[in-house]
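One structure is given here, and the rest of the page talks about it.
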Amino acid sequence: MPPKTLALVHTSAIMVPVFQQLCAEHLPGVQVFNIVDDSLVRTIIREGELTPAVARRVVGYVNSAEAGGADYVLVTCSSIGAAVEQAAGLSGVPVLRVDQPMADQAVQAGRRIGVIATLASTLSPTADLVQRRAARAGKEIALTSVLCEGAFEALMSGDGARHDAIVSATLKELVTKVDVIVLAQASMARVVEALDAADRVVPILASPGIAIQHLAAQLA
């Protein structure tokens with residue numbers, strides 16, 4: 649039997665090596681190829697929402713991935729999650745939005761769920777997904793959504809230290825109020841790794857590793 653092929657659709661080239669390492673670790677027998685278009689998320693930031701034009705392009709990339717021989721498609725950006733779900737309904741192969749397994753894990757982990765993001769355009773889709781996955785699982789949850797004001801702008805201006813400080817302060821405050829925290833953007837995961845153990849008293853979930861482990865079970 650030929651090896652399975654996984655296509656990764658990214659809106660940032662930064663995520664390619666992150667997923668490359670995860671795939672090498674958890675999907676050693678799976679062939680992987682990448683599609684990257686960072687103009688998608690730039691358009692969302694400029695327009696303040698996922699536009700129909702961007703959604704059509706996402707569907708197009710998923711179709712291209714299938715045409716390229718993918719047996720499974722993973723889209724690694726939370727901001728375009730709604731378009732990924734549309735694409736999944738039109739695809740001949742399974743399509744996964746990166747944050748779905750994370751949302752499911754959060755729903756199982758506790759009733760009080762915190763969601764943090766540095767972009768409003770990512771916060772809303774992630775919070776909506778958690779709510780819908782909770783309803784699907786028959787779980788009642790209390791959701792707290794927090795935007796890390798100024799963090800994304802700091803990162804874009806090259807001030808990574810300020811970005812990390814803002815996210816870190818938000819996490820330290822939120823851990824005292826919830827049972828589990830969901831990171832709406834994978835770029836915040838590095839901040840979690842730098843936190844003291846005393847500030848990690850509840851699970852803090854990042855989507856990349858959880859999604860790849862989910863796929864490892866699906867593709868086994």
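Take 649 as the starting number for the sequence shown in my numbering and just add one per residue.
Just so it is clear, CB atoms sit at the ideal spot from N, CA and C, and this is done for glycine as well.
Close beta carbons around residue i, own chain, < 7 Å, minus the five adjacent residues each side
i: SER712; result: ILE683
i: SER680; result: The sequence shown places Val at residue 680, rather than the Ser named in the question. For VAL680, where only same-chain residues beyond five positions count, the Cβ hits under 7 Å are LEU654, LEU656 and CYS671.
First through last residue of the beta strand (DSSP E) which encompasses residue i
i: GLN679; result: 679-684
i: SER728; result: First, the residue type needs correcting, since residue 728 is Ile and not Ser in the sequence shown. ILE728 -> no beta strand (DSSP E), and no H or E assigned at all.
i: ARG745; result: 743-745
i: LEU777; result: Premise fails: LEU777 lies in the alpha helix (DSSP H), 768-785, not in any beta strand (DSSP E).
i: ILE858; result: Note, ILE858: premise wrong, no beta strand (DSSP E); alpha helix (DSSP H) at 855-867.
i: THR653; result: 653-658
i: ARG760; result: 760-765
i: ALA790; result: 790-795
Of the listed residues the options, nearest to residue i (C-alpha basis)
i: ILE728; options: LEU771, ALA754 and MET750; result: LEU771
i: GLY762; options: ALA782, VAL794 and VAL743; result: VAL794
i: VAL869; options: GLY696, GLN833 and THR691; result: In the structure as shown, the chain begins at 649 and stops at 868. Residue 869 is therefore absent and cannot be evaluated.
i: ASP847; options: ALA730, ILE860 and LYS825; result: LYS825
i: LEU688; options: GLY857, VAL778 and THR724; result: THR724
i: ASP686; options: ALA661, GLN669 and GLU695; result: ALA661
Residue i vs residue j beta-carbon contact at 8 Å
i: GLU788; j: ARG759; result: yes
i: PRO593; j: ALA834; result: No answer is possible for residue 593: it lies beyond the span of the chain, which begins at 649 and ends at 868.
i: ALA735; j: VAL707; result: yes
Residues near residue i in its chain [Cβ-Cβ closer than 8 Å; skip 5 each side]
i: VAL815; result: ILE764, THR766, CYS796, ALA799, MET836 and VAL839
i: THR699; result: THR691 and ILE692
Cβ separation of residue i and residue j, assumed to be a contact under 8 Å, to the nearest whole Å
i: LEU738; j: LEU656; result: Actually they are not in contact, since the Cβ atoms of LEU738 and LEU656 sit about 19 Å apart, beyond 8 Å.
i: LEU744; j: ALA854; result: Contact doesn't hold; Cβ gap of about 16 Å is too wide.
i: ALA757; j: ARG781; result: Not a contact, Cβ separation roughly 12 Å.
Cβ shell of residue i (< 6 Å), same chain only, five flanking positions each side left out
i: LEU812; result: This sequence places Asp at residue 812; Leu is not what is there. Cβ within range, chain order: VAL839.
i: HIS862; result: PRO749
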